[in-house]
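A short write-up of the structure that comes next.
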Amino acid sequence: MKILDQRLLPDQVKFITVKDAAGTAKATKDMALRGAPLIGCAAAFGFALELRRLKPRSAGDLEKIAGKTADLLKAARPTAVALFYAADRMEAFARKFAAAHPGKYAPAALKGLLSAVDKEARLVTTEDEKACLDMGNYGAALLPKNCVIMTHCNAGALATMGIGTAVGVITAAHKKGKIKHAYSCETRPYLQGARLTIWELMREGVPSELLTDNMAAHIIKTCGVNAIVVGADRIASNGDTANKIGTYGLAVIAKHHKVPFYVAAPTPTIDMKARDGDAIIIEERSCEEVTFVKGKRIAPKGVRVRHPAFDVTPAGLITALITEKGVISPVTRGNIIKNLAN
Ligand code: MRU
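Using the working numbering, you'd call the opening residue of the sequence shown number 30 and step up by one each time.
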């Protein structure tokens, strides 16, 4: 599998090759690829590659490999539920195959297995691609004409297999002539907004400007921002939403200024097993990602650092959730259940 190494963007466009589940998990952990839907899609292919590598010799062998591979992939990062969704889905698919094809696997049966698993992995990605288009349309319809919009982190094409979630909404609205201006927060410490989102917006021809995160409140107050749209890594069953660190603060500012705050995310981002935001594990990443910028230390040696990579925005601060199945507003458990049933 070829992976665009997002750590090098926007300066270099380079691909790395991953050959198995361990390589996929490492690329995910090290942020060579990132973004909730994308790490799920990569996990689906990482699973398929692992079966190709290990060539299960029987149904029992397949079941063992499937369980181990899914666990390996899921250990890469804890917050984005799309990763768990894809790994669990591939494991369940393999187990179903094993149940339907008991006993030893002759070469023809193995070939059938590998091609069926590849097909399922492709389905995970085509579903994501389609979901992005649908979210783009639903989201664009919510925005006013001449919209001045703000986003945070990177929820664009780079984070998905399609046009993106939040950035997909912006580019879809731009194509309909509705975007006057877009602001991207730089998203300290990993700078997804500065390195990736503004790059994507510029490539799409969206009139846009980059902000440091601490400029957001001032710009919202003074520059006529009339919508904020972000993506999500995990949405609890009551609508509490984990997204990139800084999202919660933006939502509080949006509430103060009565600016609608939208979350665009495909339904695999909704974790109905999580009762509320407290059930979501927040990934803590390395201190170096805070104390170093492009290899240069920017804080005293030995400094103590916190680095929660995500925060949780309470459902009450979210005007609407935009999924591929429609718009959820107000954001309540009941409305989420209705949307999922669509
Ligand atoms: O740590 P990352 O870069 O993988 O986090 C991604 C995000 O939090 C994005 O903001 C996003 O909304 C989820 S991916 C569409």
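Glycine is no exception: its CB is placed at the ideal position from the N, C-alpha and C atoms.
Please read these numbers as outputs of a predicted model, since none were measured by experiment.
Classification of residue i by the beta-carbon crowding that lies within 10 angstroms, buried from 16 upward
i, result
"M179", "buried"
"E353", "buried"
"Q41", "exposed"
"T372", "No statement about residue 372 is possible, as the shown extent of the chain runs from 30 to 371 and does not include it."
"D49", "buried"
"I351", "buried"
"F290", "buried"
"I264", "buried"
"V332", "exposed"
"M301", "exposed"
"A137", "exposed"
"T251", "exposed"
"N183", "buried"
"D307", "exposed"
"A104", "exposed"
"E317", "exposed"
"N267", "buried"
"E237", "Before going on, a small fix: residue 237 reads as Ser here, not Glu. Burial call: buried."
"E313", "exposed"
"L152", "exposed"
"I310", "exposed"
"S315", "exposed"
"T155", "exposed"
"A328", "exposed"
"D262", "buried"
"T46", "exposed"
"A370", "exposed"
"H247", "exposed"
"P397", "Not covered by the structure: residue 397. The range shown for the chain is 30 to 371."
"P337", "exposed"
"G345", "exposed"
"P297", "buried"
"G363", "exposed"
"F44", "exposed"
Opposing strand residues paired with residue i [DSSP bridges]
i, result
"D157", "Beta-bridge pairing links D157 to no other residue."
"H210", "V177"
"V341", "A271"
"L239", "S213"
"A349", "Y291"
"V356", "I351"
"G193", "G185"
Pick from the options that is closest to residue i, judged by C-alpha positions
i, options, result
"G253", "K287, S315, V281, N371", "K287"
"T241", "R217, A115, V356, T276", "R217"
"I199", "M190, K174, Q221, A223", "K174"
"A77", "P131, G52, V146, P39", "V146"
"I347", "V47, R86, K284", "K284"
"V431", "D340, T342, P343, V319", "This structure cannot settle anything about residue 431, because the visible part of the chain is limited to 30 through 371."
"L67", "K93, A88, A150", "A150"
"Y114", "C70, N183, I310", "C70"
"L80", "A127, T46, F44, A65", "A127"
"L142", "I310, A88, I32", "A88"
"I299", "Y212, A246, I365, A256", "I365"
"L225", "A245, K148, L187, E158", "L187"
"K209", "A280, A256, K367, M164", "A256"
"T361", "D305, A65, V153", "D305"
"Q221", "N371, G234, V259, A73", "V259"
"G234", "C214, V196, V356", "V196"
"T57", "I94, L101, K97", "L101"
"A169", "G191, E158, A202, L162", "A202"
"K93", "A73, R124, V110, F74", "R124"
"R232", "A99, I192, I282, D163", "I192"
"A51", "A73, A65, F44, K43", "A73"
"G275", "V292, C214, L230, E229", "C214"
"I357", "Y167, T108, E158, L91", "Y167"
"R63", "H181, T98, T189, I249", "T189"
"R106", "K148, M60, L139, A95", "M60"
"H181", "C161, A211, K204, L171", "A211"
"L171", "T342, A245, K207, K159", "K207"
"T98", "T53, L239, A109", "T53"
"I227", "G185, M244, V177, D163", "G185"
"P359", "V292, V341, D340, K330", "V292"
"K205", "E229, G165, Y219, L230", "G165"
Residue i Cβ short of 7 angstroms to the ligand HEM heavy atom set
i, result
"P66", "Absence of the ligand HEM from the depicted structure is noted, with the ligand MRU being the only ligands included."
Interface flag, residue i vs chain B, CB-CB below 8 angstroms
i, result
"R82", "The structure shown contains no chain B; it is built from a single protein chain."
Tell me, please, whether the region 116-135 touches the region 262-276 by the rule of three or more beta-carbon pairs shorter than 8 angstroms.
no
Report the start-end ranges of each beta strand (DSSP E) in the region 250-327 that is 3 residues or longer and not cut off at the edges.
Qualifying beta strand (DSSP E) stretches, in chain order: 256-259, 263-265, 270-273, 290-293.
Threshold first: 3 residues or longer. Then list the beta strand (DSSP E) segments lying entirely within the region 31-60, N to C.
31-33, 44-46
Does the count of Cβ pairs from the region 129-140 and the region 321-338 closer than 8 angstroms reach three?
no
What are the complete alpha helix (DSSP H) segments, minimum 4 residues, inside the region 82-148?
88-103, 110-129
Is the region 33-40 in contact with the region 73-92, if contact means three or more CB pairs nearer than 8 angstroms?
no
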